Amino acid sequence: MVFLPMASAYSSYLLAFQPGSGLLISSESDTKSMACQGIDLLSTKAAGNGHGENSSYFDGWKAYDTNPFDLRHNRGGVIQMGLAENQLSLDLIEEWSKNHPEASICTPEGVSQFKRIANFQDYHGLPEFRKAMAQFMGQVRGGKATFDPDRVVMSGGATGAQETLAFCLANPGEAFLVPTPYYPAFDRDCCWRSGIKLLPIECHSFNDFRLTKEALVSAYDGARRQGVSVKGILITNPSNPLGTITDRDTLAMLATFATEHRIHLVCDEIYAGSVFATPEYVSIAEVIERDVPWCNRDLIHIVYSLSKDFGLPGFRVGIIYSYNDAVVAAARRMSSFGLVSSQTQYFLARMLSDEEFIVRFLQESKRRLAARHERFTSGLREVGIGCLRGNAGLFSWMDLRRMLRVKTAEAELELWRVIIHQVKLNVSPGTSFHCREPGWFRVCHANMDDETMEVALGRIHDFVRQHQQRRVKAERWAANRQLRLSLPHHHFSAAHLSSPLALLSPQSPMVRATS
Numbered sequence: 001m002v003f004l005p006m007a008s009a010y011s012s013y014l015l016a017f018q019p020g021s022g023l024l025i026s027s028e029s030d031t032k033s034m035a036c037q038g039i040d041l042l043s044t045k046a047a048g049n050g051h052g053e054n055s056s057y058f059d060g061w062k063a064y065d066t067n068p069f070d071l072r073h074n075r076g077g078v079i080q081m082g083l084a085e086n087q088l089s090l091d092l093i094e095e096w097s098k099n100h101p102e103a104s105i106c107t108p109e110g111v112s113q114f115k116r117i118a119n120f121q122d123y124h125g126l127p128e129f130r131k132a133m134a135q136f137m138g139q140v141r142g143g144k145a146t147f148d149p150d151r152v153v154m155s156g157g158a159t160g161a162q163e164t165l166a167f168c169l170a171n172p173g174e175a176f177l178v179p180t181p182y183y184p185a186f187d188r189d190c191c192w193r194s195g196i197k198l199l200p201i202e203c204h205s206f207n208d209f210r211l212t213k214e215a216l217v218s219a220y221d222g223a224r225r226q227g228v229s230v231k232g233i234l235i236t237n238p239s240n241p242l243g244t245i246t247d248r249d250t251l252a253m254l255a256t257f258a259t260e261h262r263i264h265l266v267c268d269e270i271y272a273g274s275v276f277a278t279p280e281y282v283s284i285a286e287v288i289e290r291d292v293p294w295c296n297r298d299l300i301h302i303v304y305s306l307s308k309d310f311g312l313p314g315f316r317v318g319i320i321y322s323y324n325d326a327v328v329a330a331a332r333r334m335s336s337f338g339l340v341s342s343q344t345q346y347f348l349a350r351m352l353s354d355e356e357f358i359v360r361f362l363q364e365s366k367r368r369l370a371a372r373h374e375r376f377t378s379g380l381r382e383v384g385i386g387c388l389r390g391n392a393g394l395f396s397w398m399d400l401r402r403m404l405r406v407k408t409a410e411a412e413l414e415l416w417r418v419i420i421h422q423v424k425l426n427v428s429p430g431t432s433f434h435c436r437e438p439g440w441f442r443v444c445h446a447n448m449d450d451e452t453m454e455v456a457l458g459r460i461h462d463f464v465r466q467h468q469q470r471r472v473k474a475e476r477w478a479a480n481r482q483l484r485l486s487l488p489h490h491h492f493s494a495a496h497l498s499s500p501l502a503l504l505s506p507q508s509p510m511v512r513a514t515s
């Protein structure tokens with residue numbers, strides 16, 4: 001709650017604004033009413049805004065929720081392009097499920113396992129699940145790294161995994177360095193309940209937002225000068241929102257830096273299986289095995305999930321894989337607060353162990369992601385809109401800098417509001433990803449069918465062409481105005497002003513003919 005002093009004779013009163021509620025209340029009357037509702041009974045954390053739900057990133061979701069697009073029932077609604085979901089290959093999982101009813105304990109073919117699975121509650125997880133997950137993680141990374149099932153720790157999605165690592169690796173007030181732009185919900189996942197800080201490593205468009213050692217050192221030294229204890233570095237590889245991968249040399253540099261400064265390196269690799277074009281994906285697991293085997297592995301941790309590569313966010317399967325025995329033990333104890341259901345583990349253990357299916361699924365998923373990416377980005381190019389060149393993920397980093405009124409964060413949000421409320425597309429502004437360069441937007445395109453994507457592209461085409469037409473008109477008006485201002489000013493006599501010729505426009509050929 002934010003209290004605002006009133007500039008009036010009643011300055012002893014306060015106005016209280018409840019973020020997200022639209023309520024403006026007086027502190028002497030309505031606050032008592034809110035207290036009666038139990039607001040004053042909540043903890044500071046529960047009543048606060050640390051969740052970050054009032055950011056533009058989540059505001060776009062709310063706009064969609066109030067008016068969702070539907071091909072048959074609401075074609076004028078908002079199209080959801082702010083949610084990174086992979087819905088392009090769910091039919092393959094559905095087909096596998098139909099062909100393997102024994103994978104479910106709720107079918108005649110699988111009910112013999114019902115009692116064992118229904119009563120299983122060991123927070124280590126089903127042994128067959130951890131084994132299948134370790135095998136799958138190696139498969140996704142092209143067999144170039146191996147994973148030990150005993151180091152696989154379950155969590156309620158990648159959100160729970162990130163928070164668990166934050167609790168394990170840092171104390172309140174300590175910080176992790178994160179390259180910008182970065183996933184907006186990291187502020188919630190890592191900071192809200194743990195109390196740690198995220199400090200930006202500034203990256204820029206002139207080198208495609210690549211992380212450099214110079215930028216890392218600058219961020220690290222800057223934090224130290226401010227008296228902030230830096231406990232680690234957090235990266236996403238592949239990047240969300242850029243859709244690019246971190247190269248081998250950069251990963252080796254990060255592992256070396258972490259070792260030299262005794263800070264942790266957390267690599268969020270939840271899009272590892274969604275790399276659809278060259279260059280090939282490189283995992284930190286491969287780098288510490290092959291490139292910097294001498295680095296301190298106790299400082300290396302991986303976050304993974306089945307929400308993106310498999311398109312199963314509702315299963316809430318997150319994985320912590322740490323090379324640090326103490327972290328594995330502590331994270332496993334903490335996993336009691338966010339376990340994956342034993343029924344889900346049982347089903348996934350069966351599916352992930354089907355190597356033939358996994359190979360086919362990963363190949364087909366990458367083919368479909370590549371096709372969708374090409375269709376969408378080529379559609380943008382048709383109206384002169386570019387994107388950062390990407391080869392991974394479920395989205396594109398769209399460049400609308402030329403459409404800004406001025407190059408400010410405020411102008412970016414103005415444009416975003418037009419796109420949300422007039423064009424009816426929920427895209428995410430770069431400012432919500434902590435991008436310092438206004439005009440970049442993340443746009444998700446793997447969470448919809450082909451027809452919906454074409455509708456979205458059509459809306460973008462119409463909007464950009466209208467914007468271009470308005471700009472041409474404005475430029476012509478400005479040019480004509482400049483021309484008029486540049487014409488010489490003549491002094492005319494009263495007799496001349498009374499002449500009919502004087503009443504003609506200065507642009508008239510008759511005037512020029514008599515001069």
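When you line the sequence shown up against full-length UniProt numbering, it's residues 1 to 515, in that order. Quick reminder that beta carbons are idealized off the backbone N, C-alpha and C, glycines included. Computed from a predicted structure; not experimentally measured.
ask   = residue 444 lies in the beta strand (DSSP E); which residues open and close that run?
value = 440 to 444
key: residue 266 versus 430, 164, 408, 463, residue with shortest Cα-Cα distance   = 164
message = As a quick exercise: from 344, 133, 181, 274, pick the residue whose alpha carbon is nearest that of residue 367.
response = 274
inquiry  = What would DSSP say about residue 522, mapped onto helix, strand or coil?
reply    = Because the chain spans 1 through 515 in this model, residue 522 falls outside it and cannot be assessed.
query = Taking the C-alpha atoms as reference points, what is the distance between residue 333 and residue 302?
reply = 18 Å
key: Endpoints, beta strand (DSSP E) assigned at residue 282   = Where residue 282 is concerned, there is no enclosing beta strand (DSSP E), given that its DSSP letter is neither H nor E.
key: Same chain, Cβ closer than 8 Å to residue 348, neighbours up to 5 away in sequence not counted   = 129, 132, 133, 306, 315, 317
message = Would residue 336 and residue 153 be called neighbours here (beta carbons separated by less than 8 Å)?
response = no
ask   = Helix, strand or coil for residue 166 per DSSP?
value = helix
task = Identify, in the order they occur along the chain, each residue of the same chain with its Cβ nearer than 7 Å to the Cβ of residue 405, setting aside the five sequence neighbours on each side.
result = 411, 414
Where the beta strand (DSSP E) through residue 127 begins and ends = Element bounds for residue 127: not the beta strand (DSSP E) but the alpha helix (DSSP H), 127 to 140.
request  = Compare the beta carbon distance of residue 79 and residue 457 with 8 Å and say whether it is the shorter of the two.
outcome  = no
ask   = Taking DSSP as the reference, what is the three-state secondary structure of residue 339?
value = coil
query = Is the beta carbon of residue 372 sitting closer than 8 Å to the one on residue 252?
reply = no
Close beta carbons around residue 345, own chain, < 7 Å, minus the five adjacent residues each side = 125, 126, 129
key: Exposure label - residue 293; buried when at least 16 CB within 10 Å   = exposed
task = Apply the 10 Å Cβ neighbour rule to residue 285 and answer buried if 16 or more other Cβ atoms are within range, or exposed otherwise.
result = buried
ask   = Applying the criterion that 16 or more other CB atoms from any shown protein chain within 10 Å of the CB defines a buried residue, is residue 449 buried or exposed?
value = exposed
ask   = Which of the three DSSP states, helix, strand or coil, is assigned to residue 201?
value = strand
C-alpha gap between residue 109 and residue 96, whole angstroms = 15 Å
ask   = With 16 as the cutoff for other CB atoms within 10 Å, does residue 106 come out buried or exposed?
value = exposed
task = From the DSSP output, in three-state form, read off residue 384 for me.
result = coil
request  = Ignore the nearest five residues each way along the sequence and tell me which others in residue 92's own chain have a CB closer than 6 Å to its CB.
outcome  = 361
ask   = Are the beta-carbon atoms of residue 444 and residue 394 separated by less than 8 Å?
value = yes
query = Once you ignore the five residues that flank residue 55 on each side, which residues in its own chain have a CB closer than 7 Å to its CB?
reply = 184, 432
key: Bridge-paired residues (DSSP) for residue 398   = 387, 441
task = Give the C-beta separation of residue 216 and residue 264 to the nearest angstrom, bearing in mind that I take them to be a contact with Cβ-Cβ under 8 Å.
result = Actually they do not touch by this definition, with Cβ atoms about 14 Å apart.
key: Under 8 Å between C-beta atoms of residue 47 and residue 351   = no
inquiry  = Excluding the 5 residues flanking residue 517 on each side, which residues of the same chain have their C-beta closer than 7 Å to its C-beta?
reply    = Outside the modelled stretch of the chain, which goes from 1 to 515, sits residue 517, for which no answer is possible.
key: Opening and closing residue of the beta strand (DSSP E) in which residue 234 lies   = 230 to 236
ask   = Taking 8 Å as the CB-CB cut-off, is residue 77 touching chain D?
value = The structure shown contains no chain D; it holds only a single protein chain.
task = Measure the C-alpha to C-alpha separation of residue 24 and residue 189 and round it to an integer number of angstroms.
result = Residue confidence is low: residue 24 scores 34 on pLDDT, short of 50, so the model does not pin down where it sits. No coordinate-derived value is stated.
inquiry  = Please classify residue 206 as buried or exposed, where buried requires at least 16 other C-beta atoms within 10 Å of its C-beta.
reply    = exposed
Contiguous beta strand (DSSP E) assignments of at least 3 residues, all confined to the segment 231 to 279 = 264 to 268
inquiry  = Within the continuous beta strand (DSSP E) that includes residue 415, where are the two ends?
reply    = Where residue 415 is concerned, there is no enclosing beta strand (DSSP E), although the alpha helix (DSSP H) it sits in stretches over 409 to 418.
key: Same chain only: Cβ atoms within 8 Å of residue 408, ignoring 5 sequence neighbours per side   = 438
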